[in-house]
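Protein chains in written order, with this note's numbering: chain D, 1 to 113; chain Y, 1 to 145. Cβ atoms here follow ideal geometry from the backbone N, Cα and C, with glycine treated the same way. All values derive from a computational prediction rather than experimental measurement. Presented below is the structure to which this report refers.
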Amino acid sequence: MKLSDFVGELSLEINTCKDGLQREITGVYVSDLLSDVMANSKAGDVWITLQTHLNIVAVAGMKDLAGIIIVGGRKPPEDTRQKAEAEKITIMTTPMPAFEAAGRMYQKLKQQG
Amino acid sequence: MPINIDKEIEGSFQIIGGNFVNAGEASTQLKLLLSKLGVDEEIIRRTAIATFEAEMNVIIYAAAGRMHYHITQQGISIKVDDMGPGIEDIGLAMQEGYSTAPDWVREMGWGAGMGLPNMKKNSDIFKIDSVVGEGTTIEMFINFP
Numbered sequence: 001m002k003l004s005d006f007v008g009e010l011s012l013e014i015n016t017c018k019d020g021l022q023r024e025i026t027g028v029y030v031s032d033l034l035s036d037v038m039a040n041s042k043a044g045d046v047w048i049t050l051q052t053h054l055n056i057v058a059v060a061g062m063k064d065l066a067g068i069i070i071v072g073g074r075k076p077p078e079d080t081r082q083k084a085e086a087e088k089i090t091i092m093t094t095p096m097p098a099f100e101a102a103g104r105m106y107q108k109l110k111q112q113g
Numbered sequence: 001m002p003i004n005i006d007k008e009i010e011g012s013f014q015i016i017g018g019n020f021v022n023a024g025e026a027s028t029q030l031k032l033l034l035s036k037l038g039v040d041e042e043i044i045r046r047t048a049i050a051t052f053e054a055e056m057n058v059i060i061y062a063a064a065g066r067m068h069y070h071i072t073q074q075g076i077s078i079k080v081d082d083m084g085p086g087i088e089d090i091g092l093a094m095q096e097g098y099s100t101a102p103d104w105v106r107e108m109g110w111g112a113g114m115g116l117p118n119m120k121k122n123s124d125i126f127k128i129d130s131v132v133g134e135g136t137t138i139e140m141f142i143n144f145p
């Protein structure tokens, strides 16, 4: 499944690196603690978080994550967006809270088996 | 996969305290180097976690620091020393969940008390030495398979 398959389902707005929407995703990780994401996320995961500051880009890059979904209608600031474009990290935003965004992704990924 | 290291490689990165903009720069460079050398993915993953956490600690707590790496046929050794406040109680600092980070750092999702434990978990040898008022030195060794 690709990131683009979730755009409608999660009402995603694409903030940076549109090309990344075609990337195959292998899982989802939900956390707002950056050390936890460093330790426990896996390459190819989509990361759901409410953090918006620019260190999320470094973490996603280090872990080779498929993209970042920022929840709750929060928007990444300009410096985060610039860094994400430079490092080719796809950042999307959704008005949904983390629970709903994760739930919808879980359903869809599970259906696919 | 054999590791393409015919001679030992070493180098170092400067890390500036408080510079959250470039956070992850040193560990990313090191990760790229290891990838280029054809180092095992799992070793790269562990090194990335350990060095990123060490780098973040310098940025969060210290005025400045340095990350030195030394790659041999046997593995990679990393030494991070900083000019920081030092750690009063290393035993406490090593406990998962313990942190002295200020609130604004915690709001960024750092300072969860996972940094030092993550470093230890991901290295085969982990040493920490600290002098209050002077700084902290961390040495890590990760064996190649």
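Identify the contact partners of Ser41 of chain D in chain Y, using a Cβ-Cβ distance below 9 Å as the criterion. Chain Y residues near Ser41 of chain D: none, gap ~10 Å exceeds 9 Å.
Starting from Asn55 of chain D, follow the alpha helix (DSSP H) in both directions and report where the run begins and ends. From DSSP, the alpha helix (DSSP H) with Asn55 of chain D extends over 55-62.
With three or more beta-carbon pairs closer than 8 Å as the criterion, would you say the segment 39-50 of chain D touches the segment 18-29 of chain D? Of all C-beta pairs linking the segment 39-50 of chain D to the segment 18-29 of chain D, three or more are shorter than 8 Å, placing the two stretches in contact.
In DSSP terms, what Ala64 of chain Y is bridged to: Residue pairing from DSSP places Ala64 of chain Y in a beta bridge opposite Y:Ile16, Y:Met83.
Assuming contact is defined by CB atoms lying nearer than 9 Å, are Ala101 of chain Y and Ile60 of chain Y in contact in what I supplied? The Cβ atoms of Ala101 of chain Y and Ile60 of chain Y lie closer than 9 Å to each other.
What do you get for Val131 of chain Y, buried or exposed, if any count of 16 or more other CB atoms within 10 angstroms of its CB means buried? Exposed, since its Cβ has fewer than 16 Cβ neighbours within 10 Å.
Taking the alpha-carbon of Met108 of chain Y as reference, which of D:Lys88, D:Thr80, D:Met105, D:Gln112 has the nearest alpha-carbon? Ranking D:Lys88, D:Thr80, D:Met105, D:Gln112 by CA distance to the CA of Met108 of chain Y puts D:Thr80 first.
Which residues of the segment 8-28 of chain Y have a Cβ closer than 7 Å to any Cβ of chain D? Give them in chain order. Those would be Phe20, Val21, Ala23, Gly24, Ser27, Thr28, in chain order.
Please check the pair Val46 of chain D and Ile69 of chain D, which I expect to be a contact at CB under 8 Å, by giving their CB distance rounded to whole angstroms. That pair is a contact at about 6 Å.
Partner residues on chain D for Asn57 of chain Y, Cβ-Cβ distance less than 8 Å: Those do not exist, as Asn57 of chain Y stays about 10 Å from chain D at its closest Cβ, beyond 8 Å.
Taking all protein chains shown into account, do 16 or more other C-beta atoms lie within 10 angstroms of the C-beta of Val147 of chain Y, making it buried, or fewer, making it exposed? The structure shown does not extend to residue 147 of chain Y, since chain Y is modelled only from 1 through 145, so no value can be given for it.
First through last residue of the beta strand (DSSP E) which encompasses Trp47 of chain D: That run of the beta strand (DSSP E) goes 45-49.
Under 8 Å between beta-carbons, which chain D residues line up against Gly38 of chain Y? List them in chain order, please. Simply none; closest approach about 17 Å.
Taking 9 Å as the threshold (C-beta atoms), are Leu50 of chain D and Val59 of chain D in contact? The criterion of a C-beta distance shorter than 9 Å is not satisfied by Val59 of chain D and Leu50 of chain D.
Using a Cβ-Cβ distance cut-off of 9 Å, determine whether Asp45 of chain D contacts chain Y. False, the Cβ-Cβ gap to chain Y never drops below 9 Å.
Which bits of chain D does Ala112 of chain Y rub up against, with CB to CB less than 9 Å? For a Cβ distance threshold of 9 Å, residue set Leu33, Leu34, Ser35, Asp36 of chain D lies close to Ala112 of chain Y, ordered along the chain.
Between the segment 16-30 of chain Y and the segment 92-106 of chain D, are three or more C-beta pairs nearer than 8 Å? When Cβ pairs closer than 8 Å are counted between the two stretches, the segment 16-30 of chain Y is seen not to touch the segment 92-106 of chain D, the count staying below three.
Could one say the Cβ of Met1 of chain Y lies closer than 9 Å to chain D's Cβ atoms, at least one of them? With a pLDDT of only 48 at Met1 of chain Y, under the threshold of 50, the placement of this residue in the model should not be trusted, and no figure is reported.
List the residues that DSSP assigns as beta-bridge partners of Phe126 of chain Y. The beta-bridge partner set that DSSP reports for Phe126 of chain Y consists of Y:Met140.
Listing by chain order, which chain D residues have their CB less than 7 Å from the CB of Glu134 of chain Y? Neighbours of Glu134 of chain Y on chain D: none; closest Cβ ~25 Å, over 7 Å.
Own chain residues within Cβ distance below 6 Å of Gly67 of chain D, not counting five before or after: So the qualifying residues of the chain are Leu3, Gly20, Val46, Thr90.
Where does Ile125 of chain Y land, buried or exposed, given buried means 16+ other C-beta within 10 angstroms? By the 10 Å Cβ count, Ile125 of chain Y comes out exposed.
Three-state secondary structure (DSSP) of Ala93 of chain Y: DSSP places Ala93 of chain Y in helix when its eight states are reduced to three.
Mapping DSSP to helix, strand and coil, what is Asp6 of chain Y? DSSP places Asp6 of chain Y in coil when its eight states are reduced to three.
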